[in-house]
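K.L.:
2 protein chains.
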Amino acid sequence: MEKQDIVIVGAGIFGVAIGYHILKENPGKKVTIFEKFPTCGQGNTAKSAGAFRNVFSSKTNFLLADTSVDFYLDIHRQGHDIGLEQAGYLWLMSHSQLERNKDVLAKMQHNGVKLKFYEKEELKKIMPYLNTDIDPADEEARMMGLESIEKGVFGVKCGFVDADKLTRFYETEFKKMGGQVIYNTEVAMPLLEPREKLGLECEPLIWQDVEITGVRLKSGKTVNADKVIIAANSWAPNILDPVGIDCMIKSVKRQMFVLRSQKLAPLMKVEGFNQFNALPFTIFPKAAIYIRVDRIEGSVWASGHEHFGAPYLFEEDPKATDEYYDYNIYQVLRKYMPMFDGLKAANKWAGLYDMNTLDANPYIFETHNVIIAVGSSGSGIMKADAAGRITAALYAGRKEAELYGNRKFEVATLGLKHRNVEPEKFIL
Amino acid sequence: MEKQDIVIVGAGIFGVAIGYHILKENPGKKVTIFEKFPTCGQGNTAKSAGAFRNVFSSKTNFLLADTSVDFYLDIHRQGHDIGLEQAGYLWLMSHSQLERNKDVLAKMQHNGVKLKFYEKEELKKIMPYLNTDIDPADEEARMMGLESIEKGVFGVKCGFVDADKLTRFYETEFKKMGGQVIYNTEVAMPLLEPREKLGLECEPLIWQDVEITGVRLKSGKTVNADKVIIAANSWAPNILDPVGIDCMIKSVKRQMFVLRSQKLAPLMKVEGFNQFNALPFTIFPKAAIYIRVDRIEGSVWASGHEHFGAPYLFEEDPKATDEYYDYNIYQVLRKYMPMFDGLKAANKWAGLYDMNTLDANPYIFETHNVIIAVGSSGSGIMKADAAGRITAALYAGRKEAELYGNRKFEVATLGLKHRNVEPEKFIL
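Just so you know, the protein sequences line up as chains Y and P, in that order.
Just so we're on the same page, the numbering used here is the position in the first sequence counted from 1, plus 270.
Just so we're on the same page, the numbering used here is the position in the second sequence counted from 1, plus 270.
Okay, here's the thing in structure tokens:
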């Protein structure tokens, strides 16, 4: 392949959004995305819940998500089908959670996050099947540390997109501008070459001046490029470690389960939260256990995770297990929504979050001619548009990126050297 | 085994120094060190060059090393044989290196690092076999980017210790105070247990409240402890990842080669740098290639590494290769010291550096009842005493540690949340 101006590794939501914004700013540049899967968004993008929110305590996370969501709302209004439904997020919170999060909730509202609060009585009216009050005599519930629901905290600028459709939107627009995506092709590592080659097999030698000049594919072939951009999510360390670049992320597995039953019919039409009569993305007051409804399929998706102790582990093909649903998620669901009683998972899958364990904001930085955009920490879809614009600004050498809606963003704040972000305090 | 007050993982130099300082502060506590090797200091400690220096640009690194070296000098004066020889460090620098490092050298002197400068003519007088002037007609040297030596920058408070003897000093004192070291016993991970156990095999479940209560050995046995301290260097991520603790380090291989030959006799007695007539630890102006003399064995050790591009890779048992010496180190050595011409490595080994890729200062922090002391980035021996004192202060809950010589150190500066260190600019 002829030398590219830019090679992007990964056609997940980050990769295609980056490709789109770079080509929009640099028409005519030769940009190629390499993707190991047969089509776009088939890695961790495909495994996500497809939910979006602007409800973050970190001002940076808020700005990344808020502007990305604005862009998604805009293209949705323009008639692009990205499966967008602004159904809201509903955190069902116990008294102790409200107390713990009091300052964070106030800060987020101060920063511009639009929240609504539902009193317990309202919740009961809207969702009569919701068990807001944990029976003090329920020994199981006590053992599980379940608490009664006191309030609903509702994020307004939140909802769902179809992750696949959104990824395809960017990929299509990227291709329309002349961008190339090569599928079924895995990048092994950046291509590290001496500036002055000797033709020895053991090059580069330690006294040689080296530079990154492209990528080496798993097949052994090499492709030269003026700039390499790594948007490979959990695969990024495997690609970058071999050339001694630390992208600072750890992978953690998240499992998703699909429930199908006539019993769940009441969740398909819920009046009182939004104009669509859709159940918001709903989070229960334990172990971040959440459900979302897929009204087209008539199913409910459920997930959740421990707050501490989940292993950091990269797996090429992580698997969900029925036991994980049965012992972990189901036990909590059935206590708060007894309609789940007796239901088994009809489908399941697992993906990885590429965690920034330090502050749970993304990393976007350049080193040795490689731009790295990783660490979405499970909220990549809702920050992808901003990540694309910031990466394009970094590529262009601009100090400031302009996010959707003409909101300015200092590029260096997401880097390593001059990083300046608040650790995220509002984590599912 | 009965419940311990403290379990330390790793009897390398960090582990034994931590054990020593904790028991000194807390006589009578039950402290056990677990070590996978048959004796202490057999991991990466044994693979090091055993050199020490206080020559660091980061004020933190300087303080850690300077006080640790003071302690080693003190015990050496008291008659403990730790193989200490204050022979100095000699950086042979080219004009361009001196220019590049001008500010850093001035800053270090300002901070209290004692440096002496040797003009080229003095170097020639002391080491007539040193080729200070690269022949412009030498095509090989040009291709290798070798530059003439302009000056010697000499670190006074620098030299060698016997890494094994120093580790044994701490281990012996630790045991005298009642500390226990259990060898040939590998820790798999911290023991993560629910506060309220159900007796299920799949525990902990995601809705359980969990805590770290000790360690799980590779054998499957568990040992309870009030506090777990991880001082396992490159092995730390393998131990901590399984419970979702990010210790922020990457491993990189470093290879050491031993040369033996009558040709090297002039290096065994070098008059003009120190009272011992010992060749200082000598660094050449390319690829951090350095030599040290082992006068007891009559041999020369040599190593070096690329400044960028070395893979981050954990290996249980990394190996040195003759090719690495022949193509990388030897080529530079013979140009600056032709006496190496034709010499092959008589012995070799490899170890790992546990790199802090962000700022090359150590990490010492506590999370979820686990204290982690890692990231020595190749200078663990020369910072171990300070690391031991800081870890002991963290264990005791003190904000300030007292390093050797009554120098105060704010413990939180080496942590993740309130980290406050300068990125190290003076790297070999």
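All C-beta atoms, glycine included, are put in the ideal place defined by N, C-alpha and C.
Note that this is a predicted model, so its numbers are computed, not measured.
The alpha helix (DSSP H) with Glu-241 (chain Y) in it runs from where to where?
P.N.:
Chain Y is shown from 271 up to 698; residue 241 (chain Y) falls before or after that span and cannot be answered.
K.L.:
Does any CB atom of chain Y fall closer than 8 Å to the CB of Pro-474 (chain P)?
P.N.:
Locating residue 474 (chain P) in the second sequence gives position 204, where the first residue counts as 1. So yes, Pro-474 (chain P) belongs to the interface.
K.L.:
If the cut-off is 7 Å on Cβ atoms, which residues from the region 281–292 of chain P count as contacting chain Y, listed in chain order?
P.N.:
none
K.L.:
Check the Cβ of Met-413 (chain Y) against every Cβ in chain P and list those closer than 8 Å, keeping chain order.
P.N.:
As a first step, residue 413 (chain Y) is located in the first sequence; it is residue number 143 there, counting from the start. Neighbours of Met-413 (chain Y) on chain P, chain order: Glu-466 and Leu-468.
K.L.:
When the cut-off is 8 Å and only beta carbons count, does Asn-598 (chain P) lie next to chain Y?
P.N.:
Translated into the one-based positions of the second sequence, residue 598 (chain P) becomes position 328. By this cut-off, Asn-598 (chain P) is an interface position.
K.L.:
Going by DSSP, name the residue or residues bridged to Asn-494 (chain P).
P.N.:
Numbered from 1 along the second sequence, position 224 holds the residue referred to as residue 494 (chain P). DSSP, once it has assigned bridges, lists P:Gly-484 as partnering Asn-494 (chain P).
K.L.:
Determine the chain Y residues that contact Lys-435 (chain P) at a beta-carbon separation under 9 Å, and present them in chain order.
P.N.:
As a first step, residue 435 (chain P) must be located in the second sequence, where it is residue number 165. The premise fails here: Lys-435 (chain P) is roughly 31 Å from chain Y at the closest Cβ pair, so nothing lies under 9 Å.
K.L.:
Considering only C-alpha positions, which residue in the set Y:Asn-544, Y:Thr-442 and Y:Asp-629 is nearest to Gln-757 (chain Y)?
P.N.:
Because chain Y spans 271 through 698 in this model, residue 757 (chain Y) falls outside it and cannot be assessed.
K.L.:
What residue from Y:Val-540, Y:Asp-587, Y:Phe-284 and Y:Gly-415 has the CA that sits closest to Val-602 (chain Y)'s CA?
P.N.:
Reading the first sequence from its first residue, position 332 is the one you call residue 602 (chain Y). Measuring from the Cα of Val-602 (chain Y), the nearest candidate turns out to be Y:Gly-415.
K.L.:
Could you check if Arg-465 (chain P) is buried or exposed, using at least 16 other CB atoms within 10 Å of its CB as the buried criterion?
P.N.:
Mapped onto the second sequence, residue 465 (chain P) falls at position 195. Exposed: under 16 other Cβ atoms inside 10 Å.
K.L.:
With a cut-off of 8 Å on the beta carbons, I'd call Ile-276 (chain P) and Asp-496 (chain P) a contact; round off their distance for me.
P.N.:
Within the second sequence, numbered from 1, the residue matching residue 276 (chain P) stands at position 6. Within the second sequence, numbered from 1, the residue matching residue 496 (chain P) stands at position 226. The pair is a contact, with the Cβ atoms about 7 Å apart (cut-off 8 Å).
K.L.:
Any C-beta of chain Y within less than 9 Å: which residues of the region 576–592 of chain P qualify?
P.N.:
Here the close residues are Glu-576, His-577, Phe-578, Gly-579, Ala-580, Pro-581, Tyr-582 and Leu-583.
K.L.:
Given that Val-522 (chain P) touches chain Y, what residues does it touch there, using C-beta distances under 9 Å?
P.N.:
By one-based count along the second sequence, residue 522 (chain P) stands at place 252. Ordered by position in chain Y, the residues that pass the 9 Å Cβ test against Val-522 (chain P) are Gly-514.
K.L.:
Would you say Ala-701 (chain Y) lies against chain P (beta-carbon separation less than 8 Å)?
P.N.:
Outside the displayed span of chain Y (271 to 698) sits residue 701 (chain Y), for which this structure offers no information.
K.L.:
Report the residue from P:Leu-461, P:Val-374, P:Cys-428 and P:Gln-274 whose alpha carbon sits nearest the alpha carbon of Leu-343 (chain P).
P.N.:
Numbered from 1 along the second sequence, position 73 holds the residue referred to as residue 343 (chain P). Closest by alpha carbon: P:Cys-428.
K.L.:
So, Leu-468 (chain Y) versus Ile-482 (chain Y), is the Cβ gap smaller than 8 Å?
P.N.:
Your numbering for residue 468 (chain Y) matches position 198 in the first sequence. Your numbering for residue 482 (chain Y) matches position 212 in the first sequence. Not in contact: Leu-468 (chain Y) and Ile-482 (chain Y) (Cβ atoms no closer than 8 Å).
K.L.:
Do three or more CB pairs link the region 449–462 of chain Y to the region 345–354 of chain Y at distances below 8 Å?
P.N.:
no
K.L.:
Quick one: which chain P residues come within Cβ less than 7 Å of Leu-462 (chain Y)?
P.N.:
Mapped onto the first sequence, residue 462 (chain Y) falls at position 192. Gly-579, listed in chain order.
K.L.:
From Ala-682 (chain Y) to Cys-517 (chain Y), what distance separates their C-alpha atoms?
P.N.:
Residue numbering aside, residue 682 (chain Y) sits at position 412 when the first sequence is read from its first letter. Residue numbering aside, residue 517 (chain Y) sits at position 247 when the first sequence is read from its first letter. So the alpha carbons of these two residues sit roughly 15 Å apart.
K.L.:
Give the secondary structure of Gln-348 (chain Y) by DSSP, where H, G and I count as helix, E and B as strand, and everything else as coil.
P.N.:
Taking the first sequence and counting its residues from 1, the one referred to as residue 348 (chain Y) is at position 78. Here Gln-348 (chain Y) sits in coil by DSSP.
K.L.:
Under a Cβ-count criterion, where at least 16 other Cβ atoms within 10 Å of its own Cβ denotes burial, should Gly-520 (chain P) be classed as buried or exposed?
P.N.:
If you number the second sequence from 1, residue 520 (chain P) lands on position 250. Checking the displayed sequence, the identity of residue 520 (chain P) turns out to be Lys instead of Gly. So Lys-520 (chain P) ends up on the buried side.
K.L.:
Applying a beta-carbon distance threshold of less than 7 Å, which residues of chain Y neighbour Asp-479 (chain P)?
P.N.:
Against the second sequence, residue 479 (chain P) aligns to sequence position 209. The contacting residues are Gly-415.
K.L.:
List, in order along the chain, the chain Y residues whose C-beta lies closer than 7 Å to that of Gly-574 (chain P)?
P.N.:
Counting from one through the second sequence, the residue named residue 574 (chain P) turns up at place 304. Within chain Y, the residues near Gly-574 (chain P) are Ile-476.
K.L.:
With H, G and I counted as helix, E and B as strand and the rest as coil, what does DSSP make of Tyr-600 (chain P)?
P.N.:
Locating residue 600 (chain P) in the second sequence gives position 330, where the first residue counts as 1. Note: Tyr-600 (chain P) maps to helix in three-state DSSP.
K.L.:
Between Asp-624 (chain Y) and chain P, is any beta-carbon pair separated by less than 8 Å?
P.N.:
Here residue 624 (chain Y) refers to the residue found at position 354 of the first sequence. So no, Asp-624 (chain Y) is outside the interface.
K.L.:
Assuming Leu-470 (chain P) and Lys-523 (chain P) form a contact by the criterion Cβ under 8 Å, report the distance between their Cβ atoms to the nearest whole angstrom.
P.N.:
For the purposes of this step, residue 470 (chain P) is identified with residue 200 of the second sequence, where counting begins at 1. For the purposes of this step, residue 523 (chain P) is identified with residue 253 of the second sequence, where counting begins at 1. Leu-470 (chain P) to Lys-523 (chain P), Cβ: 42 Å. No contact.
K.L.:
Using a Cβ-Cβ cut-off of less than 7 Å, list which residues of the region 624–649 of chain Y approach chain P; keep chain order.
P.N.:
Thr-627, Leu-628 and His-638
K.L.:
Using a Cβ-Cβ cut-off of 8 Å, state whether Asp-511 (chain Y) counts as contacting chain P.
P.N.:
Working through the first sequence from its first residue, we reach residue 511 (chain Y) at position 241. Yes, contact with chain P.
K.L.:
Output needed for Gly-658 (chain P): all residues of its chain with C-beta closer than 7 Å, excluding positions within five of it in sequence on either side, in chain order.
P.N.:
The sequence position of residue 658 (chain P) within the second sequence is 388, counting from 1. Once the five neighbours on either side are set aside, the close Cβ partners of Gly-658 (chain P) are Ala-287, Ile-288, Tyr-290 and His-291.
K.L.:
Put Glu-593 (chain P) into one of helix, strand or coil per three-state DSSP.
P.N.:
Within the second sequence, residue 593 (chain P) is the residue found at index 323, counting from 1. In this structure, Glu-593 (chain P) counts as helix in the three-state DSSP scheme.
K.L.:
Using a Cβ cut-off of 8 Å, pull out every chain P residue sitting near Gln-601 (chain Y), in sequence order please.
P.N.:
In the first sequence, counting from the first residue as 1, residue 601 (chain Y) sits at position 331. Taking a Cβ-Cβ cut-off of 8 Å, the neighbours of Gln-601 (chain Y) in chain P comprise Leu-475 and Trp-477, given in sequence order.
K.L.:
For the region 657–687 of chain P, list every residue whose C-beta sits within 7 Å of some C-beta in chain Y, in sequence order.
P.N.:
Leu-686
K.L.:
Leu-613 (chain Y) to Met-607 (chain Y), Cα distance in whole Å?
P.N.:
Translated into the one-based positions of the first sequence, residue 613 (chain Y) becomes position 343. Translated into the one-based positions of the first sequence, residue 607 (chain Y) becomes position 337. Using only the alpha carbons, I get a separation of about 12 Å.
K.L.:
So, for Leu-385 (chain P): in the same chain, excluding its five sequence neighbours on each side, which residues have a beta-carbon less than 8 Å away from its beta-carbon?
P.N.:
Position 115 of the second sequence, counting from 1, holds the residue named residue 385 (chain P). Cβ within range, chain order: Val-325, Leu-375, Met-378, Gln-379, Val-423, Phe-424, Gly-425 and Val-426.
K.L.:
Quick check: Gly-667 (chain Y) and Ala-502 (chain Y), are their CB atoms within less than 8 Å of each other?
P.N.:
Residue numbering aside, residue 667 (chain Y) sits at position 397 when the first sequence is read from its first letter. Residue numbering aside, residue 502 (chain Y) sits at position 232 when the first sequence is read from its first letter. No. Outside cutoff.
K.L.:
What is the rounded straight-line gap between the Cα of Pro-536 (chain Y) and the Cα of Asp-611 (chain Y)?
P.N.:
Taking the first sequence and counting its residues from 1, one reaches residue 536 (chain Y) at position 266. Taking the first sequence and counting its residues from 1, one reaches residue 611 (chain Y) at position 341. So the two alpha carbons sit approximately 14 Å from each other.
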